[in-house]
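Visitor: Chains A and B, in that order, give the protein sequences. Each residue of the first sequence is one higher than the one before, counting from 5 in this note's numbering. Each residue of the second sequence is one higher than the one before, counting from 5 in this note's numbering. The structure is given below, and queries will be raised subsequently.
Protein chains: 2
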Amino acid sequence: MSVTVVGSVALDTVETPAGRNDEGLGGAATFFSLAASFYTDVHLVGVVGEDFPEQHVALLQSKNISLNGLERAPGKTFRWTGRYHDDINERDTLDTQLNVFEHFHPKLPRAACESEFLFLGNIHPALQMEVLEQANAGFVGLDTMNLWINVAGDGLKAVLKEVDALIINDSEVRLLTGERNIVVGASKVHALGPEIVVVKKGEHGCLLFQGDRLFAVPAFPLRHVVDPTGAGDTFAGGFMGSLAKQGHVDWTTLRQAVVHGSVAASFTCEAFGPDRLAAVTYADIMRRYDAFRALTQFT
Amino acid sequence: MSVTVVGSVALDTVETPAGRNDEGLGGAATFFSLAASFYTDVHLVGVVGEDFPEQHVALLQSKNISLNGLERAPGKTFRWTGRYHDDINERDTLDTQLNVFEHFHPKLPRAACESEFLFLGNIHPALQMEVLEQANAGFVGLDTMNLWINVAGDGLKAVLKEVDALIINDSEVRLLTGERNIVVGASKVHALGPEIVVVKKGEHGCLLFQGDRLFAVPAFPLRHVVDPTGAGDTFAGGFMGSLAKQGHVDWTTLRQAVVHGSVAASFTCEAFGPDRLAAVTYADIMRRYDAFRALTQFT
């Protein structure tokens, strides 16, 4: 089954302890699509400006990602600039230029409407609702961020009622629910709508909640993290892509999807932008999936 | 096989978001012994003052912990006072009174010398060396802290050459090795002596390194953490006790020992001091061990 993702496509300027990358390919929908493309057909819905390099279009197309929903609008592409600390889990946003993203209203091509799996990337809840109204997906995942929780909480809660899975950071669960304890926080998210909650904890891995059931997976321990930008979006892409490939959502496919998300995210961290993720093969993915098994099994 | 532990026995005054506990039973050797006693015979070596309550002695004896090495010295018992933040992973030490611990020199009774497994709790490296010179253990584990890394680094390095396993926090690995990345840091610890490195990450679980092999386990997700004091020492007790019960150290028993340590530590967090740990049964331990399997297995 196929996956549709709606979200940002960006040019990122990033500084990390490992070096610097100027105006590299970025954006949540980019990382998501590249990760999901290992598993299934992907429809990317987003917007870029007239300055968006052809080589990036070519890269996405080379992965069989459908770009019929990638609008090219007059003006400049969304840009983000950030700097990571020596503790690479911490970063500062130095600059955000919305550019063509400011007036973006997602329009889903017919094929994108018919995807069985839909992921609403981290955009304004009102836009997420516009997408929901166009799509016919049987399974909907959602990301959000502190900004929308703070400035568009009611809109976000309306969207949450309609989605199956919320995939967010630990700090965002705390902000959304007002609850410090993540296990209790996940229960409160369930009460808002999503039956499935995935809490991402960066280098500490993630937790999966479905009702009272709980699964935990560590992040893959890397000797050298170059750039974690996009790791969370990559996780979501591996998670949704793996579910779509299996074609059904149950406790087994969900746990495996969380591992696939973690595998994909680990590759993203190993180079700037999506350089490493775009270079690996499905065989690499499965080798690291097996390494995750060795990393976590004790019987 | 039996385990000997050398370390502090204390009276702790603790304030957490869940409440307050005045002069409760505490100390690294206490938590360690209680956890290890689920698995095997334990010899506790430490010192208390004349004011140490008989009920605590009775509790430890009720768990078949040998107290022949628990010296009762003139003066007052070691006291620690701490306050946890709303983020219960953070705490401030408000007061430390070494009292009888200040002039403590561990003297191991004959039976304690003959334990096959020895754990050197977090005390001055010179004292740890004194213990090593008395003992005949085949497998030695060690804990330490930022203070000793900073003020007694050479002594610590001399001890590290003699031990099999170092069990410390992530921040301590960073301080000891000067390396931010934990995987690289663990390699550097190997080079200092210990073939086995266990890195504790609090609520994020722990990592086990033996040469190039790596195992990761999450902490057990708890809905309500009352008091994490002693969780790390409890972990070490479950880890060493489980190894001693198996009677041999290999990659399988090590991984299982890390899970047993995590199980025991999770109970400690559920009440003040060792109240919960002391109340559970071996059947409770094994039930949560099975819950860990369900929490982490995906195939």
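By construction, the Cβ of each residue, glycine as well, lies at the ideal position given by its N, Cα and C atoms.
Considering only C-alpha positions, which residue in the set GLY73/B, ALA14/B, ALA33/B is nearest to GLN101/B?
Guide: ALA14/B
Visitor: Give the DSSP bridge partners of GLN214/B, in chain order.
Guide: Beta-bridge pairing links GLN214/B to ILE200/B, ARG217/B.
Visitor: Label ALA304/A either buried or exposed according to how many other C-beta atoms from any shown protein chain fall within 10 Å of its C-beta, with 16 as the threshold for buried.
Guide: There is simply no residue 304/A to check, as chain A begins at 5 and stops at 303 in what is shown.
Visitor: Suppose you measure from the CA of ARG95/A to the CA of ALA162/B; what does that come to, to the nearest Å?
Guide: Straight-line measurement puts the Cα of ALA162/B at about 38 angstroms from the Cα of ARG95/A.
Visitor: Taking all protein chains shown into account, decide if ASP147/A is buried (16 or more other Cβ within 10 angstroms of its Cβ) or exposed.
Guide: buried
Visitor: Under 8 angstroms Cβ to Cβ from MET5/B, same chain only, skipping five residues before and after it: list those, please.
Guide: THR44, SER119, GLU120, PHE121, ALA248, LYS249, GLY251
Visitor: LYS205/A CB to nearest chain B CB: under 8 angstroms?
Guide: Yes, because at least one Cβ of chain B sits closer than 8 angstroms to the Cβ of LYS205/A.
Visitor: Please state whether the Cβ-Cβ distance between ILE92/A and PRO278/A is less than 8 angstroms.
Guide: no
Visitor: When the cut-off is 8 angstroms and only beta carbons count, does ASN154/B lie next to chain A?
Guide: no
Visitor: If I'm right that ILE153/A touches LEU180/A with Cβ under 8 angstroms, what's the distance once you round it to whole angstroms?
Guide: 5 angstroms between Cβ atoms; contact.
Visitor: Looking only at its own chain, which residues have a Cβ that is under 6 angstroms from the Cβ of GLY79/A, when we skip the five neighbours before and after it?
Guide: GLY53, ASN103, VAL104
Visitor: Report yes if the CB atom of THR303/A is closer than 8 angstroms to the CB atom of ARG297/B, and no otherwise.
Guide: yes
Visitor: Which one or two residues does DSSP pair with ALA169/A in a beta bridge?
Guide: Per DSSP, GLY145/A, ILE200/A.
Visitor: Closer than 8 angstroms, CB to CB, is PHE219/A near chain B or not?
Guide: yes
Visitor: Taking DSSP as the reference, what is the three-state secondary structure of ARG227/B?
Guide: coil
Visitor: On the DSSP letters alone, give me the boundaries of the beta strand (DSSP E) that THR100/A sits inside.
Guide: 95 to 101
Visitor: List the residues that DSSP assigns as beta-bridge partners of LEU124/A.
Guide: Note: LEU124/A sits in a beta bridge opposite VAL10/A, LEU146/A.
Visitor: Tell whether a beta-carbon distance below 8 angstroms holds between HIS60/B and LEU29/B.
Guide: yes
Visitor: Does TRP255/B pass the burial test, meaning 16 or more other C-beta atoms within 10 Å, or should it be called exposed?
Guide: exposed
Visitor: Using a C-beta cutoff of 8 angstroms, does VAL263/B count as contacting chain A?
Guide: yes
Visitor: Can you say whether ASP294/A is buried or exposed, counting buried as having 16 or more other CB atoms within 10 angstroms of its CB?
Guide: exposed
Visitor: Pull up the distance between the alpha-carbon of GLY215/B and that of SER191/B, whole angstroms please.
Guide: 7 angstroms
Visitor: Is the CB of ILE186/B under 8 angstroms away from at least one CB in chain A?
Guide: yes
Visitor: Determine whether the Cβ of PHE311/A lies closer than 8 angstroms to any Cβ atom of chain B.
Guide: Missing from the structure shown is residue 311/A; chain A here goes from 5 to 303 and no further.
Visitor: Show which residues of chain A have a CB atom less than 7 angstroms away from the CB atom of ARG297/B.
Guide: THR303
Visitor: Does the beta-carbon of MET290/B have 16 or more other beta-carbons within 10 angstroms, so that it is buried, or is it exposed?
Guide: exposed
Visitor: Counting only beta-carbon atoms, is GLY209/A nearer than 8 angstroms to chain B?
Guide: yes
Visitor: Which residues mark the beginning and the end of the alpha helix (DSSP H) in which ASP279/A is found?
Guide: 279 to 283
Visitor: Closer than 8 angstroms by beta-carbon distance: list the chain B residues that pair up with PRO225/A, in chain order.
Guide: ILE186, VAL187, LEU211, LEU218, ALA220
Visitor: Given a threshold of 16 other Cβ atoms within 10 Å of its Cβ, counted over all protein chains shown, does ASP237/B qualify as buried or as exposed?
Guide: Counting every other CB atom within 10 Å of its CB across the protein chains shown gives ASP237/B a total of 16 or more, marking it as buried.
Visitor: At 4 residues or longer, and completely inside the region 35 to 70 of chain B: list those alpha helix (DSSP H) runs for me, N to C.
Guide: 58 to 66
Visitor: Would you mind working out which of ASN150/B, ALA115/B, ASP99/B, LEU196/B sits nearest HIS128/B, comparing C-alpha positions?
Guide: If we check each option's Cα against that of HIS128/B, ASN150/B comes out closest.
Visitor: Going along the chain, which residues of its own chain have a beta-carbon closer than 6 angstroms to the beta-carbon of MET133/A, five neighbours each way excluded?
Guide: VAL163
Visitor: For PHE271/A versus VAL18/A, is the C-beta spacing smaller than 8 angstroms?
Guide: no
Visitor: DSSP three-state label for GLY30/A, please.
Guide: strand
Visitor: Whose C-alpha, out of PRO110/A, GLU106/A, THR85/A, HIS89/A, is nearest the C-alpha of ASN72/A?
Guide: PRO110/A
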